[in-house]
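*Asks:* Take this structure, written in structure tokens, and hold onto it; I'll ask about it next.
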Amino acid sequence: MTAPITPDVITIPRKQDLDAKPNLIGLSRDALKAAFAEIGTPEKQLKMRVNQVWGWIYQKGVTSFDDMTNLSKDFRTNLAENFQITRPEIVTRQISNDGTRKYLLRVAGGHEVEVVYIPETNRGTLCISSQIGCTLTCPFCHTGTQKLVRNLTAGEIVSQILVARDDLEEWGKPAGDKRLISNIVLMGMGEPLYNTDNVRDAMLIAMDNEGISLSRRRITLSTSGVVPEIIRAGAEIGCMLAISFHATTDDVRDKLVPINRKHKIAELLQACRDYPRLSNSERITFEYVMLDGVNDSDADARRLVKLISGIPAKINLIPFNPWPGSPYKRSNWDRIEAFADIVNEAGYASPIRTPRGEDIMAACGQLKSATERQRKSAKKIAQETGT
Ligand code: SAH
Ligand code: SF4
């Protein structure tokens, strides 16, 4: 007897899951060398071949071996038979009134990640994700209410840049201010320092001079305070560091940023003081979410400047971005300004981050959740209307 078919539980595997050919995106130069050696590339050609393919993938953005016109036909065929150059699929792209773009990408396994592009007058910042969900549970962050699905691979992390460059038609442009994507922030979904190896490998690719060629000073990694990994990030990535500080006493920080129960403020600040190359031109950014009545008093502002005294720093004040059911309220504007004044008078730059892309739920701490919510309500509507 044949088993009954229940169509709603059948998951159709995605093409990228079925295709077993290794994806070249995300492999280091050494890994590429090894991969090319395995398909019979002569030893003395390896370095040149890697350079050529690297340039096509990361400088020109090609996605087909056929387009790699300086490679012999035979080598191109050999590559195509053994490898693929596949980016995650763009599921949706939303463009806000203020020009912010939010992409929802589908990665292997059918999971989805969000990437946000924020254009500004003198630069453009791409906010990328490092994990699907997050294991930490900061109560003001909507990503924190979602379980961790998995770490993203180096290829999936660097692909977020490739996809945005495709969309912004940015291939082949020289590095620097004039690029639409001039800066990268690891401030999307997830805790980058719980996925340090893959984040490092992806950022080393982004920094490579013969590829995307982003200076390490244009890459900022934001962490909630994974102290041992901060030390590694400094040594192995060397990018700029942002700390999600958010509170000035261990009592309050234990609640707002629960990793504080493991790594207390004093230990975190010591890791900051030890971060390599700290100077006025390479400052640490302290992110501070402004939560009404929780962490926004004058006393907090004064404690904050005292705590970080001596660290070359800027304090980024982030007005809380609420989400349905969130247990906090955004501090009012006067409060935020009063707090900023105290920090400023102590000699620290204290920009107040303007929420961007609010109409498309692209602001800090709103990622992924919005999409899930939309999908849920679409499902609910379908149930209600019987469609
Ligand atoms: N996990 C990392 C990076 C991602 S979060 C970290 O915590 O640093 C990027 C920034 O957005 C962090 O400073 C985070 O605390 C902040 N954030 C999260 N939810 C927010 C919200 N609802 N409103 C404002 N900022 C938020
Ligand atoms: Fe995770 Fe960062 Fe959100 Fe905390 S603020 S839950 S560490 S993504």
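Heads up: the sequence shown runs through residues 4 to 390, numbered per the numbering used here.
Cβ atoms here follow ideal geometry from the backbone N, Cα and C, with glycine treated the same way.
Using a Cβ-based criterion (distance less than 7 angstroms to any ligand heavy atom), does Thr140 qualify as near ligand 2?
*Replies:* Here the question's residue 140 lines up with position 137 in the sequence shown. Yes, the beta carbon of Thr140 sits closer than 7 angstroms to at least one heavy atom of ligand 2.
*Asks:* Whole beta strand (DSSP E) runs in the stretch 292 to 380 with 3 or more residues, listed along the chain?
*Replies:* 316 to 322
*Asks:* I'd like the list of long-range same chain contacts for Ser99, defined as Cβ closer than 8 angstroms, with 5 residues on each side in sequence excluded.
*Replies:* Within the sequence shown, residue 99 is the residue found at index 96, counting from 1. Excluding five sequence positions before and after Ser99, the CB atoms of its chain that fall closer than 8 angstroms to its own CB belong to Lys105, Arg359, Gly360, Glu361, Asp362, Ile363 and Ala365, given in chain order.
*Asks:* Does DSSP put Val65 in a helix, a strand or coil?
*Replies:* Here residue 65 refers to the residue found at position 62 when the sequence shown is read from its first residue. If DSSP states are grouped into helix, strand and coil, Val65 belongs with coil.
*Asks:* State yes or no: is the C-beta of Val292 nearer than 7 angstroms to some heavy atom of ligand 1?
*Replies:* Position 289 of the sequence shown, counting from 1, holds the residue named residue 292. Because some heavy atom of ligand 1 lies under 7 angstroms away, the Cβ of Val292 counts as near it: yes.
*Asks:* By the three-class DSSP mapping on this structure, what secondary structure does Asp11 have?
*Replies:* For the purposes of this step, residue 11 is taken as residue 8 along the sequence shown, with counting starting at 1. No answer about Asp11 holds up, because its pLDDT of 37 lies below 50 and its placement is not dependable.
*Asks:* Ligand 1 and Asn324: does the residue's C-beta get closer than 7 angstroms to at least one heavy atom of that ligand?
*Replies:* Within the sequence shown, residue 324 is the residue found at index 321, counting from 1. Yes, the Cβ of Asn324 comes within 7 angstroms of a heavy atom of ligand 1.
*Asks:* Unbroken beta strand (DSSP E) runs of length 3 or more, entirely within the stretch 132 to 197: which are they?
*Replies:* 186 to 189
*Asks:* Should Phe68 be listed as close to ligand 1, given that the test is whether its C-beta is under 7 angstroms from any heavy atom?
*Replies:* Taking the sequence shown and counting its residues from 1, the one referred to as residue 68 is at position 65. Phe68: no, Cβ never under 7 angstroms from ligand 1.
*Asks:* Between which two residues does the beta strand (DSSP E) carrying Lys50 extend?
*Replies:* Here residue 50 refers to the residue found at position 47 of the sequence shown. Run containing Lys50: none in the beta strand (DSSP E); it sits in the alpha helix (DSSP H), Leu49 to Gly58.
*Asks:* Under the rule that 16 or more other beta-carbon atoms within 10 Å means buried, what is Thr251, buried or exposed?
*Replies:* By one-based count along the sequence shown, residue 251 stands at place 248. The residue in question, Thr251, is buried, as its Cβ has 16 or more Cβ neighbours within 10 Å.
*Asks:* Can you tell me whether Val229 is helix, strand or coil according to DSSP?
*Replies:* Translated into positions along the sequence shown, residue 229 becomes position 226. Correct three-state label for Val229: coil.
*Asks:* Please determine, among Trp57, Ile88, Thr103 and His145, the residue with the shortest C-alpha to C-alpha distance to Asn73.
*Replies:* To locate residue 73, count along the sequence shown from 1; it is residue 70. Looking at the Cα atoms, Trp57 is the closest of the given residues.
*Asks:* Who does Met206 pair with in a DSSP beta bridge?
*Replies:* Locating residue 206 in the sequence shown gives position 203, where the first residue counts as 1. Per DSSP, none; premise fails for Met206.
*Asks:* Can we say the stretch 59 to 76 touches the stretch 242 to 249, given the rule of at least three CB pairs closer than 8 angstroms?
*Replies:* As far as the Cβ criterion goes, the stretch 59 to 76 does not touch the stretch 242 to 249, which means the pair count is below three.
*Asks:* Tell me which same chain residues have a C-beta within less than 7 angstroms of the C-beta of Arg235, skipping the five on either side of it?
*Replies:* Here residue 235 refers to the residue found at position 232 when the sequence shown is read from its first residue. Same-chain partners within the cutoff: Thr199.
*Asks:* Using CA coordinates, which residue listed in Tyr61, Ile135 and Thr124 is at the minimum distance from Asp211?
*Replies:* Walking along the sequence shown from the start, residue 211 turns up at place 208. Tyr61 is the residue among Tyr61, Ile135 and Thr124 whose C-alpha sits nearest the C-alpha of Asp211.
*Asks:* The alpha helix (DSSP H) with Val110 in it runs from where to where?
*Replies:* In the sequence shown, counting from the first residue as 1, residue 110 sits at position 107. Unbroken run through Val110: none, as it is neither H nor E.
*Asks:* Considering only C-alpha positions, which residue in the set Thr156, Val119, Leu189 and Lys150 is nearest to Ala167?
*Replies:* Walking along the sequence shown from the start, residue 167 turns up at place 164. Here the closest residue by C-alpha is Val119.
*Asks:* Between the alpha carbons of Ile314 and Arg32, how many angstroms are there, rounded?
*Replies:* Indexing the sequence shown from 1 puts residue 314 at position 311. Indexing the sequence shown from 1 puts residue 32 at position 29. About 36 angstroms.
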